[in-house]
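Peer 1:
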Amino acid sequence: MANEVKWEDYGLYFPSHLLKALRNRIVTEHKEGLKRRYYNATVLVDAQGEQMDDIELNVANARVYISGGTNRLISANAMKKKLGYLVYWI
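In this text, residue positions in the sequence shown follow this note's numbering: the first is 31, and each later residue adds one.
#1: Using only the alpha-carbon positions, how far apart do V94 and I104 sit?
#2: How long is the line joining the alpha carbons of R66 and Y43, rounded to whole angstroms?
#3: Could you tell me the distance, in whole angstroms, from the CA atom of K61 to the CA atom of R55?
#4: How long is the line joining the alpha carbons of H47 and V57, rounded to whole angstroms?
Structure representation (structure tokens):
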């Protein structure tokens with residue numbers, strides 16, 4: 031490539047074993063960084079899954095409480111009507 035910059039153009043000369051070592055270090059650090067990011071994402075997804083389970087449990091409990099409350103309101107309305115007639119008879 032005509033536009034390629036070479037170290038030699040700036041008077042810098044590095045032994046090939048140092049360049050290989052530097053490249054290996056960079057690649058290793060990138061791989062470790064990717065592993066850390068993947069692990070962090072896994073932990074985050076796991077925590078969000080637990081939160082979803084908690085939300086589902088709370089919704090199920092709310093459904094039970096609402097159903098029970100509705101049944102009690104129906105019973106109370108029936109009792110009110112029944113007792114209301116008894117009061118009128120007295």
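Every residue, glycine too, gets a C-beta built ideally from N, C-alpha and C. Predicted, not measured: the structure shown is a model, and the values here were computed from it.
Peer 2: This is what the structure holds:
#1: When only Cα atoms are considered, V94 and I104 end up about 15 Å apart.
#2: 35 Å
#3: 10 Å
#4: Going from the Cα of H47 to the Cα of V57 covers about 15 Å.
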